[in-house]
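To start, the structure under review is shown below, and the notes come after it.
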Amino acid sequence: MGRRKKILFTDYFINLVDTYKLNQVGERTYNKYCLTHRHLKKICPDLYLQDMNANDYQQILNKFGKTHEKATITDFHRQLAWALKRAYNVDGLTDRDVTYDAQIPKGVVTNKKKPKFMELDDMKKLVVTLKYLNSSYANFFLILLKTGLRFAELLGITLEDIDFEKKTISINKTLDYKKGAYDENFSRRFKSTKNKYSIRTIPVDDAVIYMFWRNAKGADRDESIFGSIKGFQYNSSLNNKLEQTCKYAGVPVITLHGLRHEHATYLVSQGIDSRAVAERLGHVDDSVTREVYIHRLETERVRDNQQIMRSVSKI
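In structure tokens:
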């Protein structure tokens, strides 16, 4: 049998994306893969998949790392590794896994404010503040913190998704909060979840059940509970409100997605198995959960070492 015709890595990547990601993942996630493809066309437009080796792959990461932060490089690597591992393990187009032992570059360091991890005491202070404010905004943020839901997932919850007796909520859709996403009745449209693993049913406590009930008054059973409230349709407006709330509580400012991270790291720190946490969050596996938790531990270790050195210097 003759050798297969060589294929450009850029072409192989976008073919995989269109085959396995288009209409299978959320629009935002699909667009990220397309953006990665555009980066590849700039970095290695003439690189053939069958000619790639580990050094070529590291060069791609290094070039991308010259203009991007480490978190972005990590996402870039994860997407490329998905394609290249498939090229080796499934399609047999390469004779080795060129991503093996790849090193993630440090990337550029910016002064842009990043969402911070909260200490447990700060998280408790935020919870106390949210309970004190007891507004629809405060309820929304507290539900995110107590459930780990994604922003759009919480907006997708309707009365039909809540089992008040069993105290569970079913996550099976999201609310499309993008501009122009309205149905014929000028209501926000629902769309599918991020992926099939995002469809799940999770247990919640009495406080979450009550907050859903409290904010659902007057809503139809198939209507978004929070999506019908003015100001809840946009990620940016809610993040601004959360920033104000964090400052009012006197705690580090985090984002809506940061509340999801706090939920995950808190559960793992309490001894909950990372796989159970990943299932609750709707992750494909527990790799992201462990990565977030490890990053937090590393952040705390740096802080502790700094405190140790300050103390030692006084001896």
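Numbering (UniProt numbering), first residue to last: 1 to 315.
Note that beta-carbon positions come from the ideal geometry of N, C-alpha and C, so glycine has one too.
- Around Y48, the same chain offers K6, I7, L8 and F9 as residues with beta carbons nearer than 8 Å, after the five sequence neighbours per side are excluded.
- Going by beta carbons, G107 and G65 fall inside the 8 Å limit.
- Using a C-beta cut-off of 8 Å, the stretch 67-76 makes no contact with the stretch 50-58, since fewer than three inter-stretch Cβ pairs fall below that distance.
- L149 is positioned such that its CB atom lies no closer than 8 Å to that of M211.
- Between the stretch 156-168 and the stretch 199-210 there are three or more inter-stretch CB-CB distances shorter than 8 Å, so the stretches are counted as touching.
- K124 has its alpha-carbon roughly 28 Å from the corresponding atom of T158.
- Scanning its chain for C-beta atoms nearer than 8 Å, with the 5 sequence neighbours on each side dropped, one finds around H39 the residues F64 and F76, in chain order.
- Of the candidates V251, E153 and D163, E153 places its Cα closest to the Cα of G227.
- Taking all protein chains in view, the Cβ of A249 is crowded by 16 or more other Cβ atoms within 10 Å, so the residue is classified as buried.
- By the Cβ rule, the stretch 90-99 does not count as touching the stretch 130-145, because fewer than three pairs are nearer than 8 Å.
- By the neighbour-count criterion, in which a residue is buried when 16 or more other Cβ atoms sit within 10 angstroms of its Cβ, R96 is exposed.
- Taken in chain order, the unbroken stretches of alpha helix (DSSP H) that lie wholly in the stretch 195-221 and span 4 residues or more are 206-215.
- Between E262 and D222 a beta carbon distance of about 31 Å is seen, past the 8 Å cut, so the two are scored as non-contacting.
- A distance below 7 Å between beta-carbons, with the five flanking residues on each side excluded, links L144 to the following residues of its chain, in chain order: L154, L256, L259 and R260.
- In this structure, P252 keeps its C-beta atom at 8 Å or more from the C-beta atom of D121.
- Excluding five sequence positions before and after P105, the CB atoms of its chain that fall closer than 7 Å to its own CB belong to L61, N62, G65 and I73, given in chain order.
- Taking the Cβ atoms as the reference, K21 lies roughly 5 Å from Y33, within the contact range of under 8 Å.
- Here D75 carries a helix assignment [DSSP, helix/strand/coil].
- Where S170 is concerned, there is no enclosing alpha helix (DSSP H), although the beta strand (DSSP E) around it starts and stops at T168 to I171.
- The C-alpha of Y57 lies about 19 Å from the C-alpha of N15.
- Annotated three-state conformation of E160 is helix, per DSSP.
- Of all alpha-carbon atoms in Y197, L35 and K146, the one lying nearest the alpha-carbon of G282 is that of Y197.
- Taking the Cβ atoms as the reference, L175 lies roughly 5 Å from S224, within the contact range of under 8 Å.
- Around the CB of Q103, fewer than 16 other CB atoms lie within 10 Å, so the residue is classed as exposed.
- Going by beta carbons, K173 and F151 fall outside the 8 Å limit.
- Cβ-Cβ distances below 8 Å link I209 to I162, F164 and K167 in the same chain, with the five nearest sequence neighbours on each side left out; the list follows chain order.
- Around the beta carbon of N139, 16 or more other beta carbons sit within 10 angstroms, so the residue counts as buried.
- Assignment of F140 by DSSP, reduced to helix, strand and coil, places it in the helix class.
- Between the C-alpha atoms of M118 and L238 there is a straight-line separation of about 19 Å.
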